[in-house]
Amino acid sequence: MFVGLGLVVWPSVIDHTNEFVNPYGARFSLQAGVGAMALLGIRYPLQMLPLILFEFVWKTIFLAAFVFPLWSVGKMDEVTIASAWECATIYIFIPLIPWRYVFTHYVRKRGERWR
Numbered sequence: 112m113f114v115g116l117g118l119v120v121w122p123s124v125i126d127h128t129n130e131f132v133n134p135y136g137a138r139f140s141l142q143a144g145v146g147a148m149a150l151l152g153i154r155y156p157l158q159m160l161p162l163i164l165f166e167f168v169w170k171t172i173f174l175a176a177f178v179f180p181l182w183s184v185g186k187m188d189e190v191t192i193a194s195a196w197e198c199a200t201i202y203i204f205i206p207l208i209p210w211r212y213v214f215t216h217y218v219r220k221r222g223e224r225w226r
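For the sequence shown, the numbering used here assigns the number 226 to the last residue and increments by one with no breaks.
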C-alpha cells in the first residue's frame, strides 16, 4: 500500500496545479496520509491492521455503490475503468490479512468501557 500510493498519489500531492485542488485535493490528501501511515505497517503490522481494513472497506463501497451500477448498464468510461482497477488491487491482499486475528480482536472481543 505504501509503495502503490507513493507512486500514484504523492507525485500529484507534491506537484499540482490550482485546478487540481478542488476536484482532487481532499481525496489525494487522504490517500497520501493513508500511504504515509502504511509505512508504519511495515514495522507494526498488527497495530496498523485497522488501516488496511479501512482501505478494504472504502474500496469495496466504491466498487459496489459507484462502479458496479455503471458497469451493469454499460456506461463505464476510461477514468472509471482505471479507478476500478486501482481499487480492485486490494483484493490481491485478502489472503494476507490475518482473518482469525481480525475476528478475535474486532468481532468477538468485548469492547472497552467508556470512562
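Cβ atoms here follow ideal geometry from the backbone N, Cα and C, with glycine treated the same way. Just so we're clear, the structure is a prediction, and the values are computed from it rather than from any experiment.
For the alpha helix (DSSP H) that contains residue i, what are its first and last residues?
i	result
glutamate 223	No alpha helix (DSSP H) contains glutamate 223, which DSSP labels as neither H nor E.
threonine 200	Unbroken run through threonine 200: none, as it is neither H nor E.
proline 161	160-173
phenylalanine 179	179-183
tyrosine 155	Element bounds for tyrosine 155: n/a, residue is neither H nor E.
Taking the Cβ atom as the reference point for each residue, do residue i and residue j lie within a distance shorter than 7 Å?
i	j	result
lysine 170	isoleucine 201	yes
alanine 195	valine 178	yes
leucine 174	cysteine 198	yes
If you count every other CB in all the chains shown that lies within 10 Å of the CB of residue i, and 16 or more means buried, which is it?
i	result
glycine 222	exposed
alanine 230	Because the chain is modelled from 112 through 226, residue 230 falls outside the range shown and cannot be assessed.
isoleucine 163	buried
glutamate 166	buried
valine 142	A small fix is needed here, since residue 142 is glutamine in this sequence, not valine. Glutamine 142 should be labelled buried.
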